[in-house]
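Q:
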DNA sequence: TTGGTGTATCAAAAAATTTTTATGTGAGGT
DNA sequence: ACCTCACATAAAAATTTTTTGATACACCAA
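What follows is the structure, given as structure tokens:
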């Protein structure tokens, strides 16, 4: 279906970092503003900004601006897409037989 | 449940590479030997070996040895674990309200 | 045993990601 | 307007991942 390996890889890269996993865990508890996330992370402000950009671009998180604050939350559509993709990537499409391509 | 961010990150890293995604796509069609995978990839033999190691260590692929050949296939348990983990990581646990931690 | 084939491993180089530091920008408040 | 705060962006440095090339190892056949 989706043959763009690069964009699929990008989605998983969003999940492939400890800091971003910590952020997701916090967001599971509901919307949070950047400053609140920062409090509970071991990274600098610009570091968080970088990580949030990765999460936003992957589609699993959305943000809204309010005054000078930015709030982040998990995006249900993006989350669903991620789950679907993992399922798709790991679903075997044949009755799994032994490969005998190299038998003598 | 699982609080080991590092090992979670490792699982997703397995999915975060174009070559490995191509391998998974091939394995969806059933077990394949290394040489068959290699034919359809743009990487060297040692490169494939490296990528397969990453996939094996993530648990989404298993291998079996037969003579001098190695056969790989998707591991249903590992695949299921991956799907579960994505679900867990993206499931919001509260009725999603606005965060007001920074309101004046 | 010897030689060839299929994979794995190691080390170095190359490439990509993450962190850090410095600076920029926009929203409010005074 | 000017200052400050919250966050973004840019560039450089640090770290991690991937690729490459050489070599090692296991298996098989002659």
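Protein chains in written order, with this note's numbering: chain A, 1 to 104; chain B, 1001 to 1104. For glycine and all other residues, C-beta sits at the position ideal for the given N, C-alpha and C.
#1: What does residue 983 (chain B) touch in chain A if you count any residue whose Cβ is under 9 Å from its own?
#2: Determine the extent of the alpha helix (DSSP H) in which residue 1084 (chain B) is found, giving its start and end residues.
#3: Would you identify the three-state DSSP class for residue 2 (chain A), choosing helix, strand or coil?
#4: Give the C-beta separation of residue 1072 (chain B) and residue 1027 (chain B) to the nearest angstrom, bearing in mind that I take them to be a contact with Cβ-Cβ under 8 Å.
#5: May I ask you to verify whether the stretch 1077 to 1088 of chain B touches the stretch 1041 to 1048 of chain B, counting CB pairs closer than 8 Å and requiring at least 3?
#6: Would you kindly work out how many angstroms separate the C-alpha atoms of residue 102 (chain A) and residue 15 (chain A), rounded to a whole number?
#7: Give the DSSP-derived three-state secondary structure of residue 66 (chain A) in the structure shown.
#8: Which residue from A:12, A:66, A:8, A:17 puts its Cα closest to that of residue 34 (chain A)?
#9: Report buried or exposed for residue 1032 (chain B), applying the criterion of at least 16 other Cβ atoms within 10 angstroms of its Cβ.
#10: So with CB distances below 9 Å, who are the chain B contacts of residue 77 (chain A)?
#11: State the DSSP-derived secondary structure class of residue 100 (chain A), mapped to helix, strand or coil.
#12: Assess, as a yes-or-no matter, whether the stretch 1048 to 1058 of chain B is touched by the stretch 82 to 93 of chain A under the definition of 3 or more beta carbon pairs within less than 8 Å.
#13: Residue 1024 (chain B) versus chain A: which residues are under 9 Å apart at the beta carbon?
#14: Under 7 Å Cβ to Cβ from residue 64 (chain A), same chain only, skipping five residues before and after it: list those, please.
#15: Name the two residues that bound the continuous alpha helix (DSSP H) containing residue 1025 (chain B).
#16: Alpha carbon to alpha carbon, what distance is there between residue 24 (chain A) and residue 1004 (chain B)?
A: If we stick to the structure as given:
#1: Because chain B is modelled from 1001 through 1104, residue 983 (chain B) falls outside the range shown and cannot be assessed.
#2: 1076 to 1090
#3: With a pLDDT of only 43 at residue 2 (chain A), under 50, the local geometry of the prediction cannot be trusted, and the value read off the model is given with reservation. In this structure, residue 2 (chain A) counts as coil in the three-state DSSP scheme.
#4: 6 Å
#5: Output reads no: the stretch 1041 to 1048 of chain B does not touch the stretch 1077 to 1088 of chain B.
#6: 37 Å
#7: strand
#8: Closest by C-alpha distance to residue 34 (chain A), out of A:12, A:66, A:8, A:17, is A:66.
#9: Buried, because 16 or more other Cβ atoms sit within 10 Å of the Cβ of residue 1032 (chain B).
#10: Going along chain B, no residue has its Cβ under 9 Å from residue 77 (chain A), so there is no contact; the nearest lies around 11 Å.
#11: coil
#12: Here the stretch 82 to 93 of chain A makes no contact with the stretch 1048 to 1058 of chain B; the two share fewer than three CB pairs at distances below 8 Å.
#13: 89, 90
#14: Short of 7 Å from the beta carbon of residue 64 (chain A), and not among the five residues preceding or following it, lie these beta carbons of its own chain, in chain order: 71.
#15: 1018 to 1028
#16: 14 Å
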